[in-house]
Amino acid sequence: MTVSLGILSAAHVHASEYAALLAEREDAELVGIADEELDRAREIADRHGVECVSEAEADALLERLDGALICSSNARHAEWVGRAVDAGVDVLCEKPLAPTLEEARGIVDCCRDAGVGLGVAMPLRFSEPAKRARTALKSGEIGSVKSISGTNRGRMPGGWFADPDAAGGGAVMDHTVHIVDLISDLIDERVAEVYAETGTRFHDIKVEDVNVLSMRMTDGATFLLDGSWSRPEAWHTWGDATVEFVGREGTIAVDCFDQLLRHTAASGADEGIRTVFYGTDPNAEMLGDFVDSVAEGSDPAVSPQDALAAVAVVEAAYESASAGRPVEVEY
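Following this line, the structure appears as structure tokens:
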């Protein structure tokens, strides 16, 4: 079965990458892209020879789809998901599911009531280093985990990501969910409490670009996370995603993007430094999981409850930063 897919909004930086990855698949077809800004979508659509329609014409596109990738700004996730649900089309939504827990719950309820599949873009679970760490942790190689540290430091993406109305926040909103979801998946524990310190140190923007979150897991383990937009534009890659576990009997350190080559060119279209995956591409694996879930009518790897849990931690982090005290996470 070839699954027919579409991209609803190309506002997110990953929309172009998703289109390229789908073009390489034999079990899926990218039918078209609907976007609020037609010129933005047309650039991606023309590159891959697919249809491009305006936001007003999205419903006609949805009639021909089995699944849709929501790549809008965070504030518009609910609206785009709602249109897919009305058409009975399964959804893979960019993270975070929504800027607030209340809105995220509304999305989950909407999809559940309509019998529409809902996945959320959390690619770190599909990283090969993370998969191997999962096997080692679940086999008890380092004993009970007592302490965790993580980083998800990247460039400031600009655009709507730095608009508090469109994004719902800054670096905390953008980066916390990735590592929190990965940790929960690897050790089967949730964040119980969070203390957050945030600031705007590197850029002239209206949202935070630096943050450090000190957390306590449900099993008592400590978890420290730096999810800042602290990488310069000239950095060799957009950022990092690392975690380290300290157990009673050893440690495990994971670099989710360790399978990379650095390619340097002095001139031409690829001038500068760029990174190239030589191993498993987490985004490609994530899209494969979504394609399989649509084709088989099965649940995607990242469940709606996983997505809600990540948003709950973000919401608690912002409350903590505002109040200046630890906040319990309410799921």
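First residue of the sequence shown: 1, per UniProt numbering; consecutive thereafter.
Ideal Cβ placement from N, Cα and C applies to all residues, glycine included.
Quantities reported herein were computed from a predicted structural model and do not represent experimental measurements.
Neighbourhood of residue i by C-beta distance below 6 angstroms, restricted to the same chain and skipping five residues each side
i	result
Glu-271	Ala-265
Tyr-18	Leu-69
Glu-319	Val-327
Glu-249	Ile-142 and Gly-143
Leu-224	Ser-149 and Ser-214
Asp-289	Pro-300 and Ala-301
Val-243	Gly-150 and Val-254
Ala-45	Ile-33 and Cys-52
Leu-118	Val-91, Cys-111 and Pro-304
Ser-298	none
Reference residue i, options the options, closest by Cα
i	options	result
Gly-279	Val-291, Cys-110, Asp-258 and His-48	Asp-258
Glu-94	Val-194, Pro-123 and Glu-43	Pro-123
Gly-239	Phe-245, Asp-226 and Glu-249	Asp-226
Met-173	Ser-228, Ser-267 and Arg-216	Ser-228
Val-3	Ala-11, Ala-20 and Asp-27	Asp-27
Leu-213	Leu-21, Gly-199, Arg-134 and Phe-290	Gly-199
Val-314	Val-302, Glu-197 and Asp-281	Glu-197
Ser-322	Gly-169, Val-180, Val-145 and Thr-237	Gly-169
Cutoff 7 angstroms; reference residue i; Cβ partners in own chain excluding five residues on either side
i	result
residue 336	Coverage of the chain is limited to positions 1 through 331, which leaves residue 336 absent and any answer about it impossible.
Ala-171	Glu-208, Asp-209, Val-210, Asn-211, Gly-227, Ser-228 and Trp-229
Strand pairing of residue i, partner residues [DSSP]
i	result
Gly-279	None; Gly-279 has no bridge partner.
residue 376	Since the first residue of the chain shown is 1 and the last is 331, residue 376 is not available in this structure.
Glu-244	Ser-149 and Ala-253
Val-210	Gly-199
Ile-70	Leu-8 and Cys-93
Ile-33	Ile-7 and Cys-52
Ala-265	Gly-272
Val-194	Met-215 and Val-327
Val-120	Cys-93
Gly-154	Gly-239
Assumed close pair residue i, residue j - CB separation to whole angstroms, cut-off 8 angstroms
i	j	result
Ala-121	Leu-92	6 angstroms
Ala-166	Val-207	The pair is not a contact, with the Cβ atoms about 10 angstroms apart (cut-off 8 angstroms).
Val-291	Glu-193	Not confirmed; about 37 angstroms, so no contact.
Asn-74	Ala-58	Contact flag wrong, Cβ pair sits at about 18 angstroms.
Counting pairs of Cβ atoms below 8 angstroms between the region 304-324 and the region 175-185, do you hit three or more?
For the pair of segments examined, the region 304-324 was found to touch the region 175-185: the number of CB pairs separated by less than 8 angstroms reaches three.
Mind the definition here: the region 146-160 touches the region 245-257 only if three or more C-beta pairs lie below 8 angstroms; say whether that holds.
Enough Cβ pairs lie closer than 8 angstroms, so yes.
With three or more C-beta pairs closer than 8 angstroms as the rule, is the region 58-65 touching the region 31-43?
Yes, since at least three Cβ pairs between the region 31-43 and the region 58-65 fall closer than 8 angstroms, the two stretches touch.
Report yes or no: do three or more beta-carbon pairs, one from the region 73-83 and one from the region 103-114, lie closer than 8 angstroms?
Counting Cβ pairs under 8 angstroms, three or more are found: they touch.
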